[in-house]
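Reading through the structure tokens given below for one structure.
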Amino acid sequence: MNADSPRLKLARYAWLSIGAALATIGLKTSAYLLTGSVGLLSDAIESLVNFSAALLALYVIRVGARPPDEQHAYGHEKAEYFSSGAEGGMIVIAAVTIVWVCIRRLIEPQEIDQVDLGIGVSFLATMINLVVARVILAAGRRYRSIALEADAHHLMTDVWTSGGVIAGVGLVGLTGWNVLDPILGLGIAFHVAWVGVGLLRRSILGLMDTALPSEDIAKIQAILDANSSEKVQYHALRTRQSGARSFVSLHIQVPGNWSVQRGHDLAEKMEAEIRQALPLVTVFTHIEPREDPRSFADLHLERRERKESH
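With positions in the sequence shown counted from 1, the corresponding number in my numbering is that position plus 492.
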């Protein structure tokens with residue numbers, strides 16, 4: 493495996509996420525120990541999830557960088573969906589843990605100490621997450637890595653929730669209303685759970701070979717329409733996403749008296765234009781004679797064979 497391949501370069505960003513998670517865990521735990529705020533504790537718990545998710549993302553990215561083999565002819569990039577799905581599950585578990593801690597604190601309220609120092613430490617951790625999240629999100633979009641995108645979105649969620657915690661702890665310090673702390677923690681828990689469910693849904697859709705985004709399909713159709721005429725038509729266009737790679741298949745109908753070379757040249761031209769329009773796309777085409785009725789038997793997902801009556 494080439495260590496300089498674009499997919500393996502993603503591992504560097506995963507290591508960056510791991511380093512940020514370790515730093516923020518230490519800072520946020522210190523902020524919780526200084527203040528006793530359950531809001532800051534919930535924030536620290538989410539950073540533990542960040543760390544676990546970053547470790548898993550690192551492993552899955554390395555798996556996804558492996559070249560195709562006999563058992564995985566289409567590559568290993570779909571493994572990234574397992575990372576984002578596992579991260580979504582861990583986020584939901586973290587949300588449940590935060591709810592449990594907040595309910596206990598509602599039953600037994602506790603005063604918050606050293607508010608200024610705790611807020612300062614938590615703010616530093618939040619800034620680390622903000623910078624790292626923006627770097628990783630840009631890399632995830634550039635390399636079309638759902639594992640990195642999921643990690644970056646989780647870090648950005650951490651940034652927003654940390655901002656809410658800091659504001660809430662500050663309000664408790666100003667007003668003395670200690671009940672605001674666990675109430676704020678519950679709000680954070682529901683928001684975190686929403687993000688986790690969203691990641692789970694996206695991962696499941698990816699594993700189920702969901703079609704490409706509508707804007708990508710529109711690009712493909714524009715290329716096909718530009719190459720169509722009274723003699724040349726296409727149908728059975730199907731697309732799917734597999735991690736960073738996209739797959740496109742279609743049938744091209746040409747006059748039956750065309751030579752094999754002429755039909756092949758047209759298919760190669762259309763495939764090349766699609767590959768130029770979409771990054772990391774694999775295109776499969778099938779040439780059919782327009783005059784053959786069997787060419788229209790596969791308009792649907794499953795080929796419908798004509799049955800002779802007996």
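No residue lacks a Cβ here, since even glycine has one placed at the ideal position from N, Cα and C.
Residue nearest to Ile628 within the set Asn542, Ile766, Ser509 is Ser509 (criterion: CA-CA distance). At a Cβ-Cβ threshold of 8 angstroms, Leu540 and Ser575 do not count as neighbours. Looking only at Asn670, Leu663, Thr702, the smallest Cα-Cα distance to Cys594 is reached by Asn670. One Cα belongs to Ala789, the other to Ile744, and the distance between them is close to 13 angstroms. If you draw a straight line from the Cα of Leu532 to the Cα of Ser614, it is about 8 angstroms long. Taking Ser544 as the centre and dropping the five residues before and after it, the same chain places the C-beta of Met582 closer than 7 angstroms to its C-beta, in chain order. Per DSSP, the beta bridge partners of Phe739 are Arg732, Thr774. By alpha-carbon distance to Gly662, the top candidate from Leu742, Leu609, His756, Phe739 is Leu609.
Exposure of Asp701 is indicated by the presence of fewer than 16 other C-beta atoms within 10 angstroms of its C-beta. For Gln713, the enclosing alpha helix (DSSP H) has its first and last residue at 706–718.
Contact between Arg737 and Leu772 holds: their C-beta atoms lie close to 5 angstroms from each other, under 8 angstroms. When DSSP reads this structure, Ile779 sits in a beta bridge with Ile744.
About 7 angstroms separates the beta carbons of Gln725 and Arg782, which is inside the 8 angstroms limit, making them a contact pair.
Counting along the chain, the unbroken alpha helix (DSSP H) around Gln753 starts and ends at 752–769. Non-local beta-carbon contacts of Thr653 in its own chain, meaning distances under 7 angstroms to residues more than five positions away in sequence, involve Asp535, Glu538, Ile680, His683, Val684 in chain order. One alpha carbon belongs to Leu758, the other to Ala512, and they sit about 51 angstroms apart. Taking C-beta atoms as the reference points, Leu640 and Leu502 count as a pair closer than 8 angstroms. Linking Ala644 to Leu598 through their CA atoms gives a straight-line distance of about 32 angstroms. By the Cβ-count criterion, Val588 is exposed, with fewer than 16 other Cβ atoms from all chains shown falling within 10 Å of its own Cβ.
Taking a contact as a CB-CB distance under 8 angstroms, the pair Glu572 and Val552 counts as one, their CB atoms being some 5 angstroms apart. Going by DSSP, Asp643 is part of the alpha helix (DSSP H) stretching over 638–667.
About 6 angstroms separates the Cβ atoms of Leu704 and Gln733, confirming a contact at the 8 angstroms cut-off.
In terms of Cα proximity to Ile611, the closest of Arg634, Glu579, Val657, Arg786 is Val657. Between the alpha carbons of Glu760 and Asn749 lies a distance of about 19 angstroms.
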